[in-house]
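**Student:**
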Amino acid sequence: MNNTGGPAFPSADFEHHEYTGMTLRDYFAAKAMQAMLSDDPDYHQKYKFIDLADFSYQCADAMLKAGS
């Protein structure tokens, strides 16, 4: 997916006209991952981390799609 939602914490850089840092997509994925791990502390023992990461980004993509 190409839609990153833009910067998660935008700030104007009038000198360079660019943004750095995490995207809104990354922020949503991190929040989804945090929720899954806090809901089930043994999640990492039941599933591979790559699966957790993939599902976290699926959640983030759904959030971006719902907001558009």
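In numbering that gives the first Met the number 0, the protein residues as written are 0 to 67. C-beta atoms are modelled at their ideal positions from N, C-alpha and C, and glycine is treated no differently.
(1) Would you call A31 buried or exposed, if buried means 16 or more other Cβ atoms sit within 10 Å of its Cβ?
(2) Taking the alpha carbon of G66 as the reference point, which residue from F8, M21, G20, F27 has its own alpha carbon closest?
(3) Here's a check: name, in chain order, each residue in its chain whose Cβ is nearer than 6 Å to the Cβ of M62, leaving out the five neighbours to either side.
(4) With 16 other CB atoms within 10 Å as the buried threshold, where does A34 fall?
(5) Can you name the residues that DSSP bridges to T22?
**Tutor:** Let me lay it out:
(1) buried
(2) F27
(3) F27
(4) exposed
(5) P6
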